[in-house]
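So for the sequence shown, numbering that gives the first Met the number 0 puts the first residue at 0; every next one is plus one.
Glycine included, each C-beta is placed from N, C-alpha and C at the ideal position.
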Amino acid sequence: MAAGRGRVPAPEPARLAGRLRPGTGPDATGGNCRAGTGPALAGLIVVSDDWSGLRARVRKAIDELVADGRESGVQVAAYLDGRAIVEVQAGVADPATGRPLDADTPIWSVSTGKGLTSTVVHVLAEQGRLDYDLRIAEVWPEFARHGKDAITLRHVLAHTAGVPTLPADVTVEDFTDWDRMCAIVADTEPIAPPGALTAYHAWTFGWLVGEAVRRVTGRRVSQVLAEEVAGPLGVADELFLGVPETRLDRVAPVADRNLSALFDVASANLPHFDRVAPPGVRPGAEVGRRRDFLAADVPATGTMSARAVARMFAALIGEVDGVRLISPARLREVTTRATAPGPEWVFGQDMAWGLGYALEPDGAFGSSGSGGSVAYAYPDLGLTVAATKTLLSAGDGDPMEDLRVLIRDAVAGAR
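Quick look at the structure:
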């Protein structure tokens, strides 16, 4: 999960929901969005020697994190003006086998995956296939039950649909059955009218968006991601919602450092936490290590390499090897705040969302995940930064966030 970067005193909500954050797009008009066929990234090396000092600082930081046991495997990547300037990794993909962690190794990155799912929506909207004001029940009639007929895709993207909860007895096995989960969501009673309440849709976000996409396009959201986003950018083997069976052995298994303990604290202190993340499906290592879960479409989460998701965000804010995913005008629209100020229902703090992305006070937009992964873009800097990791942790500082700030400040200082 990870809903935002702000923190509350007891359970540190930023880590518990899946961090997302969008910022505002650059002042550009028009928008020649080009879907190209970007090159595969196998063997990619960092292209800009101008940033060798920054790369050395990032490498030193992650090497130290691994050496002192705070991390097991870490990837960090950054793009500037459509070119890779940082691509470093440290540690191993799998401590049990010693398999090295490479730049192209996918890692389950919890709610950082919401950024992938949101991007699918915006690419389809750019193509004229989806409208943010589409009423979900228009294409998914069963969803209209219990007065949910007025909920739009815009409400879902902004976490104001009023449908964040799941049954207390839901299981990971249920999650692997798309039709069952869509039936559960369709039969859910809303906690508030659409647009009236900001409530982090930790898990339901994925089925709400994904089923709307499936009903409109006839394709699963993971397929659309592969064909319309990952494929054109050359990262089809590194950017996933559901991981194909043939790719599962490449995924680095995640492990729990202390994230599960934080979930216990959240459950005890936040009255609505278990309603959005019931005990059997808390988004930690026990879930994220399961092959059946990773292979299923559960598009509130995703599996990715840092360089692949950094490349995707770079193609949202500019052109990457001839590919731009959305126009500057759409970028401004989706990174404009869509939620009212005030406490969010699950974590009790103000959280700002655009359309699917979290908005950061420093002008960034993007998404992040419980356990530490981050993926953000700074449109005004032309910069994107991503970090993925295998050891899911909370507290003890925020090392991936520290790396994001380090890279941001280095680029801003050079501008």
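Proximity winner among the options, relative to residue i (alpha-carbon distances)
i, options, result
"P360", "A351, R306, L293 and S108", "A351"
"Y377", "D132, V275 and L79", "L79"
"A89", "A102, V345 and A198", "A102"
"E210", "A191, F312, L165 and E137", "E137"
"V169", "V162, M180, A160 and T159", "M180"
"V119", "H145, G72, L240 and D67", "L240"
"L294", "V308, A309, S221 and G355", "First, the amino acid is wrong: residue 294 is Ala here, not Leu. Looking at the Cα atoms, S221 is the closest of the given residues."
"A124", "S392, A276, L156 and D296", "L156"
"P277", "V171, I150 and D67", "V171"
"T159", "V297, A337 and R306", "A337"
"Q126", "A393, H271 and V223", "V223"
"L129", "G283, T151 and L115", "T151"
"G315", "A307, S326 and D263", "This sequence places Leu at residue 315; Gly is not what is there. Ranking A307, S326 and D263 by Cα distance to L315 puts S326 first."
"V264", "A95, G97, P94 and A393", "A393"
"A409", "G72, T116, I84 and A92", "I84"
"V208", "L232, S117 and A260", "S117"
"D255", "G205, P94, A76 and A55", "P94"
"W310", "R82, D273 and V280", "The sequence shown places Arg at residue 310, not Trp. Residue R82 is the option with its Cα nearest to R310."
"D173", "I190, A191 and T203", "T203"
"L390", "F272, R329, S259 and L238", "S259"
"R468", "T334, V250 and F142", "This structure leaves residue 468 out entirely; the chain is present only between 0 and 414."
"W139", "T164, W107 and D178", "D178"
Buried or exposed (CB count within 10 angstroms, at least 16 for buried), residue i
i, result
"G29", "Residue confidence for G29 is low, a pLDDT of 34 falling below 50, so the modelled location carries little weight; the figure read from the coordinates is stated next. Exposed, because fewer than 16 other Cβ atoms sit within 10 Å of the Cβ of G29."
"D397", "buried"
"R153", "buried"
"K59", "exposed"
"A13", "For A13, the pLDDT reaches just 40, beneath the cut-off of 50, and the residue's location in the model is therefore unreliable, although a value from the coordinates is still provided. Burial call: buried."
"R414", "exposed"
"Q74", "buried"
"H121", "buried"
"E86", "buried"
"G146", "exposed"
"S51", "exposed"
"D291", "exposed"
"A66", "exposed"
"I406", "buried"
"P243", "exposed"
"E70", "buried"
"P270", "exposed"
"D296", "buried"
"P166", "exposed"
"E63", "exposed"
"D49", "exposed"
"D248", "exposed"
"D401", "exposed"
"G161", "buried"
"P193", "buried"
"G412", "exposed"
"G42", "The pLDDT assigned to G42 is 45, lower than 50, so where the model puts this residue is not dependable; a value taken from the coordinates is nonetheless given after this. The residue is exposed, with fewer than 16 neighbouring Cβ atoms inside 10 Å."
Beta-ladder partner(s) of residue i, from DSSP
i, result
"T302", "W107 and F239"
"K388", "V73"
"F364", "A376"
"L358", "F364"
"R90", "Note that residue 90 is Gly in the sequence shown here, rather than Arg. G72."
"W352", "A357"
"T383", "Y78 and A376"
"R98", "D93"
"D255", "L391"
"P342", "D349"
Residue-chain proximity (residue i, chain C), Cβ-Cβ < 8 Å
i, result
"A260", "The chain inventory of the structure shown lacks chain C, comprising one protein chain alone."
The ligand COA heavy atom lying under 7 Å from the CB of residue i
i, result
"G301", "Ligands in the displayed structure: none, and consequently the ligand COA is not present."
Which parts of the stretch 49-87 are runs of the alpha helix (DSSP H), unbroken and 4 residues or longer, counting only runs that do not cross its ends?
-> 51-66
Counting pairs of Cβ atoms below 8 Å between the stretch 114-133 and the stretch 207-219, do you hit three or more?
-> yes
How about the stretch 178-197 and the stretch 222-236: do they share at least three Cβ pairs that are nearer than 8 Å?
-> no
Is there contact between the stretch 296-306 and the stretch 102-122, where contact requires at least three CB pairs shorter than 8 Å?
-> yes
Counting only runs of 4+ residues fully inside the stretch 268-340, write out the alpha helix (DSSP H) ranges in chain order.
-> 272-275, 284-287, 290-294, 305-316 and 327-333
Let me know the alpha helix (DSSP H) ranges lying completely inside the stretch 109-189, each 4 residues or longer, listed in chain order.
-> 112-125, 135-138, 152-156, 171-174 and 177-185
Enumerate, from N- to C-terminal direction, the unbroken alpha helix (DSSP H) stretches of 4 or more residues contained entirely within the stretch 197-223.
-> 203-216 and 220-223
Could you tell me whether the stretch 341-355 touches the stretch 195-202, where touching means 3 or more Cβ pairs closer than 8 Å?
-> yes
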